[in-house]
Structure formats: structure tokens, C-alpha cells
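Peer 1: Count along the sequence shown starting at 1, add 22, and that's the number in the numbering used here. C-beta: ideal position from N, C-alpha, C; glycine also. On a predicted model such as this, the values are computed, not experimentally measured, just so you know. I am attaching a structure below and will ask some questions about it afterwards.
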Amino acid sequence: MEVQVRGKTILTERTGILDTGTTLMVVPAGDAATVHNNIPGAVSDNNGGFQIPCTNTVKLGLSFGGTVFKINPADMTSQLVGKDVKGLCMSGISVGTVGGPMSASVMPRASTL
Numbered sequence: 023m024e025v026q027v028r029g030k031t032i033l034t035e036r037t038g039i040l041d042t043g044t045t046l047m048v049v050p051a052g053d054a055a056t057v058h059n060n061i062p063g064a065v066s067d068n069n070g071g072f073q074i075p076c077t078n079t080v081k082l083g084l085s086f087g088g089t090v091f092k093i094n095p096a097d098m099t100s101q102l103v104g105k106d107v108k109g110l111c112m113s114g115i116s117v118g119t120v121g122g123p124m125s126a127s128v129m130p131r132a133s134t135l
């Protein structure tokens, strides 16, 4: 997967978790930092998450096999951080471990799916 910000590729050959059952994308810490460094006003919450301006207009794109899927900037934000932090919302990109070992008992025939 490649990651684009404002149409410019900032990460290549990356791994992440995109799950339709959750509201977050989970990516390695360095990748999350790289993406958020390209969003003006973004700050780390020092707990694996990031906060971005609720009015974020930076366009993010994820490319799989040469096809780019654009993410609406409004879809990058979730709830307001709190009353004390004006104008910041939680980012839809969170830090997590990606690509760890998987038990064969969980997915015994993954290669045939």
C-alpha cells in the first residue's frame, strides 16, 4: 500500500489494518507520525492517537495495486477531543502493531481463501 497526502506519495510499501468494523485505521507508529506531520495543526496525544483540526481539509489517499482510494477529510475526524482543547478532533488514524504472528489455529487455511 502507498499513502498519499495532497496527491503526493509520502509512504510506500506499507502495511496497515483497514477494518470496516471499526472507525480507525491502525498503522505502525512511524507511519502514523509521517501522515500527521503532513496535516497542519495535528498533534500526538502521547497515547497512540493523534488529534487533528476538526476543520481538516487535507486529502489522504491510499493506493492498492495502483488504484488510489481517496478519503474525504471529514472522514478523517471523529469526536471532539474535549472542552479544554478547542477545535481538535480525534484522528481516524491510530498507532498499533501490524503484521505480528498469527496462530494457525485462528486461520488454518488462510492461503486457500
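1. If I'm right that F91 touches G83 with Cβ under 8 Å, what's the distance once you round it to whole angstroms?
2. DSSP three-state call for G114: helix, strand or coil?
3. Between the Cα of S100 and the Cα atoms of V49, E24 and C111, which residue gives the shortest distance?
4. Can you tell me whether G70 is helix, strand or coil according to DSSP?
5. With 16 other CB atoms within 10 Å as the buried threshold, where does A132 fall?
6. List the DSSP bridge partners of I61.
7. I think F116 touches L33, with their Cβ atoms under 8 Å apart; what is that distance to the nearest whole Å?
8. In this structure, does DSSP put P75 in helix, strand or coil?
9. Mapping DSSP to helix, strand and coil, what is M47?
10. Look at the Cβ atom of G87, then the Cβ atom of M98, and state whether they are nearer than 8 Å.
11. Would D41 be called buried (16 or more neighbouring beta carbons within 10 Å of its own) or exposed?
Peer 2: In short, the structure shows the following:
1. Numbered from 1 along the sequence shown, position 69 holds the residue referred to as residue 91. Numbered from 1 along the sequence shown, position 61 holds the residue referred to as residue 83. Going by Cβ atoms, the distance from F91 to G83 rounds to 7 Å, so yes, they are a contact pair.
2. Taking the first residue of the sequence shown as 1, we reach residue 114 at position 92. DSSP places G114 in coil when its eight states are reduced to three.
3. Taking the first residue of the sequence shown as 1, we reach residue 100 at position 78. Comparing Cα positions, the closest option is C111.
4. Here the question's residue 70 lines up with position 48 in the sequence shown. Of the three classes helix, strand and coil, the one that applies to G70 here is coil, per DSSP.
5. Counted from its first residue, the sequence shown places residue 132 at position 110. Unreliable positioning characterises A132 in this predicted model, as indicated by a pLDDT of 48, which lies under 50. A coordinate reading is not provided.
6. Translated into the one-based positions of the sequence shown, residue 61 becomes position 39. Paired residues: none, contrary to the question.
7. Residue numbering aside, residue 116 sits at position 94 when the sequence shown is read from its first letter. Residue numbering aside, residue 33 sits at position 11 when the sequence shown is read from its first letter. Per the sequence shown, residue 116 should be read as Ser rather than Phe. That pair is no contact at about 16 Å.
8. Residue numbering aside, residue 75 sits at position 53 when the sequence shown is read from its first letter. The answer is strand: DSSP assigns P75 an E or B state.
9. In the sequence shown, counting from the first residue as 1, residue 47 sits at position 25. Three-state result, M47: strand.
10. For the purposes of this step, residue 87 is taken as residue 65 along the sequence shown, with counting starting at 1. For the purposes of this step, residue 98 is taken as residue 76 along the sequence shown, with counting starting at 1. No. Outside cutoff.
11. Position 19 of the sequence shown, counted from the first residue, corresponds to residue 41. It is exposed - the Cβ of D41 has fewer than 16 other Cβ atoms within 10 Å.
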